[in-house]
Every structure is written in structure tokens, then in C-alpha cells.
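> The listed protein sequences correspond, in order, to chains A and B. Using our numbering, the first residue of the first sequence is number 63, and each one after it goes up by one. Using our numbering, the first residue of the second sequence is number 12, and each one after it goes up by one. Using N, Cα and C, we set each Cβ at its ideal position, and we do this for glycine too. Below: one structure in C-alpha cells.
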Amino acid sequence: MNDFSEIENELKKLRPARPSEDLAARIECALAEADRSAITAAIVTKPRRFHLNWLSLGLGLAAAAAFLVFARINVDRTPAQTNRVAQNTPAPSPSSISSFIPTGATQVVYHTHDEGLHFTAGYEEPMRRIRYQKRETLQWRNPNTGASLRVSYPSEEVVLTPVSGQ
Amino acid sequence: MDNVATHEDWKVCFSEFGPGLLLFARQWVRSPTDAEDIVQEAFVKFWRRNHRIDNRALLYATVRSIALDLIRRDSRRARREAEAFSDAEQSIEPQFELVDESQQALVAAIDRLPHEQREVLVMKIWSELTFAEIATALGISHNTAASRYRYALNALKKNFQTQ
């Protein structure tokens, strides 16, 4: 690092321009304003009292009644519709479905992007945001029939990690 | 905790860090007024949350975050500013106090540095942050911060020797 001592000295001779007087005054105002609004918020905030809204209650009950009526009609129709459907292939029995057993789950991260520090509402400290792009694959196998089932899908995960420099 | 930000000593902290923060903010916005707006917002945000005042990395990270948000929010305006700056560099208020001719050449060389090197240089030279603090503020490794600093000095040294 000694090689750079001369240039470092030259750089240190440069003095950054000072902020205007106005900026300090503005910061003082903003801090005072922040204090005032915090006090006002504390005064204005009152415990919420329970207040029954008859209109909302009535509408809610009407909607619930309508839902029950339609649900009843659909339940009644369901057997008739089922009888009209022709079944060319036998439906899998519950036992054959349950005989599929999970054989593997893989997760391949193919891209990681560090999006830097972010300030998230409600958190005091900054958070580091890292975005992971992955492909997840789940596998099942039926030991009786030898059939296997594989589902693969892309996924994205965002991880926020609190950062503290203290 | 004695060194937590309180309203009594913000002026002391601001007089110490203000010029460095302003210079740091000027990297993203060429207008001094915008840079002061960024510093104001960052400083007030930092102060209101009662962070430790020796947490300079967080203070710089706050300035950087607000500056980047401003650019994203108003990218068109930032582009116009950048164009205006390249067209009429002389009309822009200087980032440093009175400088002689050789220093002007040095300032121009600093302006030509790649952005990631310049921000490390500004934090290291004029705010005297450690590499660990710079690494935290920028979200990079300690080694990356140190090597960017060396690259910047190397480029400036070459420029300085050719004069």
C-alpha cells in the first residue's frame, strides 16, 4: 500500500465541498417535525371501541343465507350429474393412489442474485435481499406396478436477511 | 448507551460526516440540490431510528439506498441530468473546495473512474471508513472493497504520473 502513499496524500488535500447552511436548517426542521408528529400520533391514537355496524351485519347475514341456499341446490344436483358421465376407464382405487410413495425431491439453484441492502417497512435494520431461482423436482414410485411420477417446476425464492453493522 | 443518536448531538455528527455524505451522494445525482435532499432524507431517517452514531456503514448504506430509489423513481430525469452534466460540466457546482490546476486534473480523473471504484474511494479517503465498513455499506466482501480501492488508486496514480 506504500506505493500509493503519494497519490493518497494528494487526494487527502482535496476537501469535499461543505453542505449549505440551509441543509442543516432543513434537517433541524425535519427532526423537529418528526418529533411533533410522533407526539401528535400518541395523542390522537385512542383505543378502538367496539361499534356494531348494523348495515354490514345485515349484508353479511344475507350473503351467508344466499350461499347456503345455492350450496343446498348444488348438493342436490350432484348425483344426477355423476350418473350421466360415462366411464371408459376404471377410476383408480384409493389403494392404488396411496401406494405411490415419495422417492425423491431435488432442488437445483441455477441462479442467485444479490439485490443489495433494502429498507423494509416495519424493520429498523436494513435487510439484504437475495433472489434464488430454482428448479424443484418431486418423484413418486408405485412399488406394486413400477409406475413412477415426476413433477418438475421452476420456483423463485426471495430471502431477506437482517444486516447489522454494529 | 451513550453513543446512540440523540437530538442533542446530531449537529456534531452532521458537521463531521456531512461533507463526506454529500460527496458520496453526488455520485448518483449531479445536482447539488438533489444530493442535499438525499443526505437530508438519509440523515433524518438514520437519526429517527436511534441507531448508534458510530454505525457509519449504515449511514452510508442509507444514503446509497435513497439515492438508488430516487434514480429508479425518476430515471428519465436522472438521464436528462447526466446528459446535461456531460454537455456542460463547467456549470455544475464543484464537488470539492477551491482547487488549483493540478488538483482539477485529479478531480477529473476521479470522475472518470468506474462507479464502483469511485464510491469505495470516496468512502475511504474522505470519510475514512474502514474496508469492513465499506464492505457492509456496499454489500460486498472486504477483499472486493480493498481491491476496488487499489484499482482506483492505481488508475489515479498513472494519471498523476503522466502529468
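(1) Suppose the cutoff is 6 Å on Cβ atoms and the five residues either side in sequence are ignored; what does the same chain contact list for residue 53 (chain B) look like?
(2) Please state if the CB of residue 142 (chain B) and the CB of residue 157 (chain B) are separated by a distance shorter than 8 Å.
(3) State yes or no: is the beta carbon of residue 152 (chain B) nearer than 8 Å to at least one beta carbon in chain A?
(4) Along the alpha helix (DSSP H) that carries residue 44 (chain B), what are the first and last residues, could you check?
(5) Please report the residue range of the alpha helix (DSSP H) in which residue 82 (chain A) lies.
(6) Whole angstroms are fine: how far does the CA of residue 45 (chain B) sit from the CA of residue 215 (chain A)?
(7) Taking residue 191 (chain A) as part of the beta strand (DSSP E), name the residues at either end of that continuous run.
(8) If you compare alpha carbons, which of B:165, B:127, B:168 and B:166 is closest to residue 148 (chain B)?
(9) So, under 8 Å CB-CB, residue 192 (chain A) and residue 174 (chain A) are touching, yes? Tell me the CB distance rounded to an integer number of Å.
(10) When you compare only the Cα positions, how much space is there between residue 67 (chain A) and residue 166 (chain A)?
(11) Name the one or two DSSP bridge partners that residue 169 (chain A) has.
(12) For the alpha helix (DSSP H) containing residue 175 (chain B), list its first residue and its last residue.
(13) Taking the Cβ atom as the reference point for each residue, do residue 68 (chain B) and residue 144 (chain B) lie within a distance shorter than 8 Å?
(14) Quick one: Cα of residue 140 (chain B) to Cα of residue 165 (chain B), how far?
(15) Closest by CA to residue 209 (chain A), which one among A:190, A:130, A:96 and A:161?
(16) Let's see if you can read the secondary structure: which residues bound the alpha helix (DSSP H) around residue 117 (chain B)?
(17) If you check the beta carbons only, do residue 106 (chain B) and residue 34 (chain B) fall under 8 Å apart?
(18) Grouping DSSP H, G and I as helix and E and B as strand, with all else coil, what is residue 89 (chain A)?
(19) Kindly list the residues whose CB is nearer than 7 Å to the CB of residue 180 (chain A), restricted to its own chain and excluding five residues on each side of it in sequence; keep chain order.
(20) Applying a beta-carbon distance threshold of less than 9 Å, which residues of chain A neighbour residue 137 (chain B)?
(21) Here's the rule: buried if 16 or more other CB atoms are within 10 angstroms of the residue's CB, otherwise exposed. What is residue 26 (chain B)?
Considering the structure as presented:
(1) Residue numbering aside, residue 53 (chain B) sits at position 42 when the second sequence is read from its first letter. Counting only Cβ-Cβ distances below 6 Å, and skipping sequence neighbours, we find 73, 74 and 77.
(2) As a first step, residue 157 (chain B) is located in the second sequence; it is residue number 146 there, counting from the start. As a first step, residue 142 (chain B) is located in the second sequence; it is residue number 131 there, counting from the start. Against a cut-off of 8 Å, the Cβ pair of residue 142 (chain B) and residue 157 (chain B) comes out as a contact.
(3) As a working note, residue 152 (chain B) is residue 141 in the second sequence. No, no contact with chain A.
(4) For the purposes of this step, residue 44 (chain B) is taken as residue 33 along the second sequence, with counting starting at 1. That run of the alpha helix (DSSP H) goes 43-59.
(5) Translated into positions along the first sequence, residue 82 (chain A) becomes position 20. Unbroken run through residue 82 (chain A): none, as it is neither H nor E.
(6) Numbered from 1 along the first sequence, position 153 holds the residue referred to as residue 215 (chain A). Numbered from 1 along the second sequence, position 34 holds the residue referred to as residue 45 (chain B). Spanning the two alpha carbons is a distance of roughly 45 Å.
(7) Counting from 1 along the first sequence, the entry for residue 191 (chain A) is found at position 129. 189-203 is the extent of the beta strand (DSSP E) around residue 191 (chain A).
(8) What you label residue 148 (chain B) is simply residue 137 of the second sequence in a count that begins at 1. The option with the nearest alpha carbon to residue 148 (chain B) is B:127.
(9) Taking the first residue of the first sequence as 1, we reach residue 192 (chain A) at position 130. Taking the first residue of the first sequence as 1, we reach residue 174 (chain A) at position 112. Contact holds; Cβ gap of about 6 Å.
(10) The residue you call residue 67 (chain A) lines up with position 5 of the first sequence. The residue you call residue 166 (chain A) lines up with position 104 of the first sequence. Their backbone Cα atoms lie some 59 Å apart in a straight line.
(11) What you label residue 169 (chain A) is simply residue 107 of the first sequence in a count that begins at 1. Answer is A:198.
(12) There is no way to answer for residue 175 (chain B), as the model of chain B reaches only from 12 to 174.
(13) In the second sequence, counting from the first residue as 1, residue 68 (chain B) sits at position 57. In the second sequence, counting from the first residue as 1, residue 144 (chain B) sits at position 133. Yes.
(14) Counting from one through the second sequence, the residue named residue 140 (chain B) turns up at place 129. Counting from one through the second sequence, the residue named residue 165 (chain B) turns up at place 154. Looking at the two C-alpha atoms, the distance is approximately 19 Å.
(15) Your numbering for residue 209 (chain A) matches position 147 in the first sequence. Checked all of A:190, A:130, A:96 and A:161; the closest Cα to residue 209 (chain A) is A:161.
(16) For the purposes of this step, residue 117 (chain B) is taken as residue 106 along the second sequence, with counting starting at 1. Element bounds for residue 117 (chain B): 112-123.
(17) Within the second sequence, numbered from 1, the residue matching residue 106 (chain B) stands at position 95. Within the second sequence, numbered from 1, the residue matching residue 34 (chain B) stands at position 23. Taking 8 Å as the Cβ cut-off, residue 106 (chain B) and residue 34 (chain B) qualify as a contacting pair.
(18) If you number the first sequence from 1, residue 89 (chain A) lands on position 27. Looking at residue 89 (chain A) - three-state DSSP - the assignment turns out to be helix.
(19) As a first step, residue 180 (chain A) is located in the first sequence; it is residue number 118 there, counting from the start. Correct list, in chain order: 188, 189 and 191.
(20) Stepping through the second sequence from its first residue, residue 137 (chain B) is reached at position 126. 73, 74, 76, 77 and 78, listed in chain order.
(21) Position 15 of the second sequence, counted from the start, is the residue given in the question as residue 26 (chain B). Under this definition residue 26 (chain B) is an exposed residue.
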